[in-house]
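I have placed the structure first, in the form of structure tokens, so that the comments after it can refer back to it.
Chains as they are written, first to last, in the numbering used here: chain A, 62 to 171; chain B, -10 to 103.
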């Protein structure tokens, strides 16, 4: 089955630590996106990539980094510069107008 | 620029009664509009989409929405609510440029009372 896989489902980060969230898709989509979800705020765009080896900042990119070395993969690193990383993170991909979403990663700072 | 406003952050209905979730949008282009549903700690599932074909769009699970350009609205309705409909619903607009993909509303939490 085609789809998007995010891992892990739950992730815990210590203060000052970098962590990487995985996002893999087998839909052959060119465009991939990372969103952050906080209660009552909908989804906010962190980074997006429309093609391999290229990516752009979204609305809340500070404290995050990404790479797009392969079409299928778009990992997100939450760096120690992100002061409030506790949130639900969703990865998406599009091949046209509709977006397909992964099941999300819940990141908690401990 | 594009934006989406979901007019109600929380809607509560009784099982078997109609559902109305309201959405207004703003877009510089002819937009595509979507409704997604999210159950707790899950990803988003597409309910329905409008892409400049019929203005009344039918989706999954008995939901439908009507695109009204004059009112810049895309309200989601269902004739009879089911307990399993309790979830968060997002209205979304796409401007087709691909640069920013989708712009999300802040969400409406639907509660269904027995």
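Even glycine gets a Cβ: it sits at the ideal position worked out from N, Cα and C. Just so it is clear, the structure is predicted and the values come from calculations on it, not from any experiment.
Using alpha carbons as the reference points, say which of the options lies closest to residue i.
| i | options | result |
| --- | --- | --- |
| residue 82/B | 95/B, 74/B and 73/B | 95/B |
| residue 20/B | 80/B, 102/B, 98/B and 97/B | 80/B |
| residue 17/B | 58/B, 37/B and 11/B | 58/B |
| residue -10/B | 93/B, 7/B, 28/B and 102/B | 93/B |
| residue 107/A | 82/A, 157/A and 70/A | 82/A |
| residue 35/B | 23/B, 41/B and 29/B | 23/B |
| residue 125/A | 150/A, 114/A, 102/A and 113/A | 150/A |
| residue 38/B | 4/B, 56/B and 30/B | 56/B |
| residue 49/B | 26/B, 4/B and 15/B | 26/B |
| residue 76/B | 61/B, 60/B and 97/B | 97/B |
| residue 14/B | 68/B, -5/B and 51/B | -5/B |
| residue 12/B | 5/B, 62/B, 78/B and 68/B | 62/B |
| residue 130/A | 75/A, 121/A and 91/A | 91/A |
| residue 144/A | 121/A, 155/A, 152/A and 116/A | 121/A |
| residue 78/A | 155/A, 70/A, 69/A and 146/A | 146/A |
| residue 75/A | 116/A, 139/A, 99/A and 154/A | 139/A |
| residue 155/A | 71/A, 100/A, 87/A and 70/A | 87/A |
| residue -7/B | 78/B, 103/B and 102/B | 78/B |
| residue 152/A | 73/A, 105/A, 101/A and 100/A | 105/A |
My understanding is that residue i touches residue j, with C-beta atoms under 8 Å, so please give their C-beta distance in whole angstroms.
| i | j | result |
| --- | --- | --- |
| residue 100/B | residue -2/B | About 12 Å separates the two Cβ atoms, so there is no contact after all. |
| residue 44/B | residue 9/B | Wrong, their Cβ atoms sit about 17 Å apart, outside the cutoff. |
| residue 112/A | residue 84/A | Actually they are not in contact, since the Cβ atoms of residue 112/A and residue 84/A sit about 16 Å apart, beyond 8 Å. |
| residue 163/A | residue 67/A | 4 Å |
| residue 160/A | residue 91/B | 6 Å |
| residue 141/A | residue 127/A | No, residue 141/A and residue 127/A are not in contact; Cβ-Cβ is about 16 Å, not under 8 Å. |
| residue 165/A | residue 31/B | 7 Å |
| residue 51/B | residue 29/B | Rounded, the Cβ-Cβ distance is 21 Å, inconsistent with contact. |
Strictly by DSSP, which residues pair up with residue i?
| i | result |
| --- | --- |
| residue 121/A | Bridge partners of residue 121/A: none, in fact. |
| residue 77/B | 27/B and 98/B |
| residue 127/A | 137/A |
| residue 85/A | 66/A and 134/A |
| residue 170/A | 74/A |
| residue 11/B | Per DSSP, none; premise fails for residue 11/B. |
| residue 110/A | 93/A |
| residue 155/A | 92/A and 160/A |
| residue 67/B | 8/B |
| residue 98/A | 104/A and 149/A |
| residue 115/A | 112/A |
| residue -4/B | DSSP output for residue -4/B lists no bridge partner at all. |
| residue 83/B | 21/B and 91/B |
| residue 3/B | 102/B |
| residue 62/B | 13/B and 57/B |
(message) Quick check: the segment 95 to 111 of chain A against the segment 129 to 148 of chain A, are at least 3 beta-carbon pairs closer than 8 Å?
(response) yes
(message) If we require 3 or more residues per run, which beta strand (DSSP E) segments fall completely within the segment 25 to 60 of chain B?
(response) 33 to 39, 45 to 47 and 53 to 57
(request) Say whether the segment 57 to 72 of chain B touches the segment 162 to 171 of chain A, bearing in mind that this needs 3 or more beta-carbon pairs closer than 8 Å, one atom from each stretch. (result) no
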